[in-house]
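Chemist:
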Amino acid sequence: MTDPFVTADWLASNLDTVVVLDATYYLPSDPARSRADWEAARIPGARLFEIDTVADPESDLPHMLPTKAGFAVAMAALGIDGTKPVVVYDRSTNHFSAPRVWYTLRLFGLEKVFVLDGGMTSWTGGGHATEQGAARPYETVPQRTWKLRRSQVISGPDMAVRVATGGEVIIDARSQDRFDGTAPEPRPGLKSGHMPGATCLPFGTLTGPDGLFLGRAELKALFGNRAACDPILSCGSGMTACVLALGLARIGVTGRLFDGSWAEWGQGTLGPIETVG
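Residues in the sequence shown are numbered consecutively from 1, following my numbering.
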């Protein structure tokens, strides 16, 4: 399988051979709501991946990538050792958070990771059963060593150098009005606007009106020349930039993640901020 997506029908036929992760995330972050929804109805056997928990506890920025040690602990607790494919889904209408978990697992070397196209809506809309209540028992696995592909992650200081130097393709997944600086940022203390040289591609445009991700031809047209040279991807906090990474992966392009994204650049300490108008 080369496509990063699986369909609900495929997943239903392969539930016993994969690990399923529910990566639903709400803004503002509300772990209690994620767990409540997971307990109310989930894909059978799905394990809850809590993005704010599997994150770097030392960072002041929201849900930054975990350390190798932290990732190893989380994967062992979730029963993931790399021997089974992993399928990630969420409950949004625009693939909001599942791609973040897909990208994280890929960064740490897990090759067989996929996103459920259409998420929970696709699953229930296809007439597939759900389960409720406490988690189905599953075995934890011994901790193993995971290698982070650091070349695919851009730090704040590195981003500052790249922006100052110019020449990089930078794609911002935030809404157009936030990118333009005509709408305030939802996080207090952040300035509005965008990095010099960046272009805007709102992440929601990669999901069609039917709730499914766009196909290859549509994605190629949407990214255009920006898909030519492993672009750097940014958003509000490193979450929806991964939706763009997923779209690029579908057309065979690798996207690099500016993990701090606007939560870091928008503080105004790394470099200039541009607005439109």
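Ideal Cβ placement from N, Cα and C applies to all residues, glycine included.
Please read these numbers as outputs of a predicted model, since none were measured by experiment.
1. Let me know if Leu270 comes out buried or exposed under the rule of 16 or more other beta-carbons within 10 Å of its beta-carbon.
2. Using DSSP with H/G/I as helix, E/B as strand and the rest coil, what is Glu274?
3. Can you tell which of Arg100, Phe108, Ser92, Leu21 has its C-alpha closest to the C-alpha of Gly70?
4. Which residues in the same chain have their Cβ closer than 7 Å to the Cβ of Arg33, if we skip the five residues on either side of it in sequence?
5. Considering Cα atoms alone, identify which of Ile170, Thr17, Gly215 is closest to Val113.
6. Is there contact here, the segment 208 to 221 with the segment 178 to 186, by at least three beta-carbon pairs under 8 Å?
7. Which residues does DSSP list as the beta-bridge partners of Val20?
8. Have a look at Gly238, Gly252, Leu246, Thr240 and flag the residue whose alpha-carbon is nearest the alpha-carbon of Ala228.
9. Starting from the Cα of Val73, find the closest Cα among Trp38, Thr53, Ser59 and give me that residue.
10. Using only the alpha-carbon positions, how far apart do Gly260 and Glu218 sit?
11. Any contact of the segment 188 to 204 with the segment 239 to 248, i.e. 3+ C-beta pairs under 8 Å?
12. Any chance you could list the beta strand (DSSP E) runs of at least 3 consecutive residues sitting entirely within the segment 110 to 161, in chain order?
13. Within 10 Å of its beta-carbon, does Val161 have 16 or more other beta-carbons around it, so buried, or fewer, so exposed?
14. Where are the beta strand (DSSP E) runs, 3 residues long or more, that stay fully inside the segment 201 to 277, in chain order?
15. Are three or more beta carbon pairs between the segment 150 to 160 and the segment 86 to 96 nearer than 8 Å?
16. Go ahead and pull the three-state DSSP assignment for Asp30.
17. Does the beta-carbon distance from Thr130 to Arg47 come in below 8 Å?
18. Identify which residue in Ala23, Gly166, Asp177, Gln267 has its Cα closest to the Cα of Leu190.
19. Measure the C-alpha to C-alpha separation of Thr104 and Ser234 and round it to an integer number of angstroms.
20. From this set, Ser237, Phe258, Gly238, which residue's C-alpha is nearest Asp230's C-alpha?
21. Would you mind sorting Ala249 into buried or exposed? The rule is 16 or more other CB atoms within 10 Å of its CB.
22. With DSSP as the reference, please indicate the residues paired to Leu48 in a beta bridge.
Modeler: In brief:
1. Counting from one through the sequence shown, the residue named residue 270 turns up at place 270. Label assigned to Leu270: buried.
2. By one-based count along the sequence shown, residue 274 stands at place 274. Residue state, collapsed to three classes: strand.
3. What you label residue 70 is simply residue 70 of the sequence shown in a count that begins at 1. For Gly70, the nearest C-alpha among the options comes from Phe108.
4. Here the question's residue 33 lines up with position 33 in the sequence shown. Result list for Arg33: Tyr26, in chain order.
5. The count along the sequence shown starts at 1 and reaches residue 113 at position 113. The shortest C-alpha separation from Val113 is found at Thr17.
6. no
7. Taking the sequence shown and counting its residues from 1, the one referred to as residue 20 is at position 20. Per DSSP, Val87.
8. The residue you call residue 228 lines up with position 228 of the sequence shown. Selected option, being the one with the closest Cα: Gly252.
9. Taking the first residue of the sequence shown as 1, we reach residue 73 at position 73. The residue with the shortest Cα to Cα distance from Val73 is Thr53.
10. In the sequence shown, the residue the question calls residue 260 occupies position 260. In the sequence shown, the residue the question calls residue 218 occupies position 218. Roughly 29 Å separates the two Cα atoms.
11. yes
12. 113 to 116
13. As a working note, residue 161 is residue 161 in the sequence shown. The residue is exposed, with fewer than 16 neighbouring Cβ atoms inside 10 Å.
14. 232 to 234, 256 to 258
15. no
16. Numbered from its first residue, the sequence shown carries residue 30 at position 30. Asp30: coil per DSSP, three-state reduction.
17. In the sequence shown, counting from the first residue as 1, residue 130 sits at position 130. In the sequence shown, counting from the first residue as 1, residue 47 sits at position 47. Not a contact, by the Cβ cut-off of 8 Å.
18. Within the sequence shown, numbered from 1, the residue matching residue 190 stands at position 190. Taking only the C-alpha atoms, the option nearest Leu190 is Gln267.
19. Locating residue 104 in the sequence shown gives position 104, counting from the first residue. Locating residue 234 in the sequence shown gives position 234, counting from the first residue. Cα-Cα distance, rounded: 15 Å.
20. Start at 1 with the first residue of the sequence shown, and residue 230 comes out as number 230. Per the Cα distances, Phe258.
21. Walking along the sequence shown from the start, residue 249 turns up at place 249. Under this definition Ala249 is a buried residue.
22. The residue you call residue 48 lines up with position 48 of the sequence shown. In the DSSP output, where bridge partners are listed per residue, Leu48 has Asp22.
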